[in-house]
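Respectively, the protein sequence lines represent chains A and B. For the first sequence, the working numbering gives the first residue as -17, with consecutive numbering after it. For the second sequence, the working numbering gives the first residue as 570, with consecutive numbering after it. In this text, a Cβ means the ideal position worked out from N, Cα and C, and glycines have one as well. Values in this document were obtained by computation on a predicted structure and should not be read as measured data. Below is one structure; the comments refer to it alone.
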Amino acid sequence: MTIYLDHNATTQMRPEVWDAMASVEFGQEPRGNPSSVHRSGVQASRLVGDARNAVAAILNAKPGEIVFTGGGSEAINLALKGVVSASPQRRHLVSTVIEHHAVLHSLESLQRDQGCSVTLCPVDLTARVDPATVAEAITPETLLVTLMYVNNEVGTIQPIREIGEICRQKGVLLHVDAVQAGGKLPLDVEQLNCDLLSLSAHKFGGPQGVGALYVRWGTPLSPLVDGGPQEHRLRAGTQNVAGIVGFAEALKLAEGEREGQLARWRDLREILYRLPRELDAVRVNSHPDLTLPNCLNMTFMFCDGMALCMNLSMRGICVSTSSACTAGDLTPSHVLKAMGLSDMAAHGAIRFSLGRFTTADELEQTVAVTKEIVGNLRLITKPEDIGKCNDDCPCFLTAR
Amino acid sequence: MSQITIILIVTPAKCGKCYACEDLVKRLQGQFPDQIVYREFTSNDAEAEQFGVVLPPMLIVDDFLAAAGNVPDYDALAKLVAAKLEAKDNA
């Protein structure tokens, strides 16, 4: 039996979503191409339209402002590259050092290929960016600010609304990477003061391979993919009808349960807080109040996070390290490093992310197994190799 | 007398680290005679799949992954083996 605690990576599709998608694929009417004029095509077009209406309602947007994509990364790429392509007069972009690689690598591409300049704002030890820092980074040449709503590694929630107000005042576009926030935080684009907002279905119980980009009416945007006139001429290609239906169904369900789910995660997270209380030298990297309660990132000093992650996997518990693993070469998390953690502390980090199906019993088992593995890892780890930390390494262990 | 199982997962064409891990296990078998059951797979073998992402050489002591992609320190590994055997003796 697997205990899955990696819901920030992806979370299981909900049965109701599967049913909705199955009714598209295996319903009485053959699933048509939404661009076709016959009855099957018209029905497919209606299904996509209904999904678009539902998503728009949740975002407090107009249906014509929703563009379905092939995932969150595609939505982000479309937002950033599409705006730059459509606005040649300004070439400066502002973001933060802790963004997802879909943003950071898109910005690198725009620097390299489009001659853009980019300012990456620092974050504090909670991984929050100060709105004043963003305001200072904006110049007359600034076209767009792009920020993540919720950080994927530590769960920090950014002050999007305040930064959105600053962007409005300065006449700068704001793109919000809401991939980790979908179904967990309010997505009202008027409240958030944003012009573009990216979502990914598989983060809130929908299918993988479907995303959406909110584009405020009048925002200059060029398509990345040329072809047919689908998605308001912003994303050519036949729509993934079942996927789009699943996206909307999942978002509706998650939105309806949002408040109750957050309260449940807050209670469940308390079980994981036993780890820093019952084990020595555990640093809590997720702030207790400024983060989504489904995410808890901890550093187990004198342990290699990857070894801990793999040992947990062997015992049937799926978690994530904060480190990217490329060909066996471990690179410390850019997020934890930006928060001020040493390489050693970042290497010992593990992310537990809870989902809709996570139970207290699963977390109790996780705590017990983690304690056992950490004890064994500390037997074999040489302190001079890993785990030593600078004296000024920040953590929230003492704050609790 | 209790026993533990040590599994070593190596690359199909063994690398230097794989040979070094084999040597470590031989030394452990000398230090803990008749108490170590040794099994070796390559990363292509089906048996390796149960351990998830495979970063050979991987050294697994009973159900504990002691090393992945590196050669562990002999003294530390011997300490772990001794602790595991003692826990079994006391169980």
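8 Å contact criterion, which residue i and residue j should meet: CB distance rounded
i        : j        : result
A/Ile58  : A/Val85  : 6 Å
A/Phe334 : A/Leu254 : 6 Å
A/Leu385 : A/Val49  : Absent from the structure is residue 385 of chain A, since the part of chain A shown begins at -17 and ends at 382.
A/Ser88  : A/Leu129 : The Cβ separation is near 13 Å, so there is no contact.
A/Pro12  : A/Gln221 : Contact flag wrong, Cβ pair sits at about 16 Å.
B/Ile578 : B/Ala617 : 5 Å
A/Ile332 : A/Cys291 : 6 Å
B/Lys586 : B/Val640 : 5 Å
Assigned secondary structure, residue i (DSSP; H/G/I helix, E/B strand, else coil)
i          : result
A/Met(-5)  : coil
B/Thr580   : coil
A/Arg94    : helix
A/Asn59    : helix
A/Gly165   : coil
B/Glu609   : strand
A/His269   : coil
A/Asp112   : coil
A/Ile142   : helix
B/Ala651   : helix
A/Thr121   : coil
A/Arg333   : strand
B/Ile573   : strand
A/Gly322   : coil
B/Leu624   : coil
A/His184   : helix
A/Thr352   : helix
A/Asp262   : coil
A/Val79    : coil
A/Met288   : helix
A/Tyr(-14) : strand
A/Leu216   : coil
B/Asp592   : helix
A/Leu102   : strand
A/Phe8     : coil
Contact under 8 Å by Cβ, residue i with residue j
i        : j         : result
A/Leu206 : A/Gly64   : yes
A/Leu174 : A/Arg143  : yes
B/Ile575 : B/Leu628  : yes
A/Thr115 : A/Pro122  : no
A/Val197 : A/Leu167  : no
B/Ala598 : B/Tyr607  : Correcting the residue type first, residue 598 of chain B is Gln in the shown sequence and not Ala. Yes.
A/Asp327 : A/Thr281  : For the sequence presented, residue 327 of chain A should be read as Ala rather than Asp. Contact flag set, yes.
A/Gly337 : A/Gln(-6) : yes
A/Leu203 : A/Ala68   : yes
A/Leu41  : A/Leu179  : yes
B/Leu649 : B/Leu593  : no
A/Val192 : A/Val6    : no
A/Gly200 : A/Gly210  : no
Any C-beta of chain E under 8 Å from that of residue i
i        : result
B/Ala637 : Absence of chain E from the displayed structure is noted, the protein chains being A and B.
Same chain, Cβ closer than 8 Å to residue i, neighbours up to 5 away in sequence not counted
i          : result
A/Lys353   : Leu257, Glu260 and Leu261
A/Arg248   : Pro275
A/Ser91    : Lys63
A/Trp0     : Gly228
A/Arg297   : Val351 and Ile355
A/Thr(-16) : Gly298, Ile299 and Cys300
Residue closest to residue i, alpha-carbon to alpha-carbon, out of the options
i        : options                                     : result
A/Gly330 : A/Glu123, A/Asn267 and A/Ile40              : A/Asn267
A/Leu361 : B/Val606, B/Lys653, B/Ala617 and B/Asn659   : B/Lys653
A/Glu118 : A/Glu90, A/Val154, A/Arg94 and A/His83      : A/Val154
A/Ser99  : A/Val127, A/Asp112 and A/His82              : A/Val127
A/Asp159 : A/Leu169, A/Gln151 and A/Phe8               : A/Leu169
A/Gly383 : A/His20, A/Leu29 and A/Gln347               : For chain A, the structure presents residues -17 to 382; residue 383 of chain A sits outside this window and is missing.
A/Leu125 : A/His74, A/Pro189 and A/Ala342              : A/His74
B/Glu655 : B/Val623, B/Glu609, B/Phe601 and B/Val640   : B/Phe601
A/Pro45  : A/Asn279, A/Glu213 and A/Asn293             : A/Glu213
A/Leu102 : A/Asp112, A/Arg251 and A/Gln96              : A/Asp112
A/Pro314 : A/Met288, A/Phe339, A/Leu294 and A/Asn(-10) : A/Met288
Contact set for residue i: own chain, Cβ-Cβ below 7 Å, skip 5 residues either direction
i        : result
B/Asp603 : Met570
6 Å Cβ shell around residue i - same chain, five flanking residues per side excluded
i          : result
A/Ala109   : Ile80, Asn133, Val136, Thr138 and Met321
A/Thr(-8)  : His184
A/Gly146   : Leu156, Leu174, Asn175 and Cys176
A/Tyr(-14) : Cys300
A/Ser55    : Ala84
B/Ala636   : Leu628
A/Gly164   : Leu181, Lys185 and Phe186
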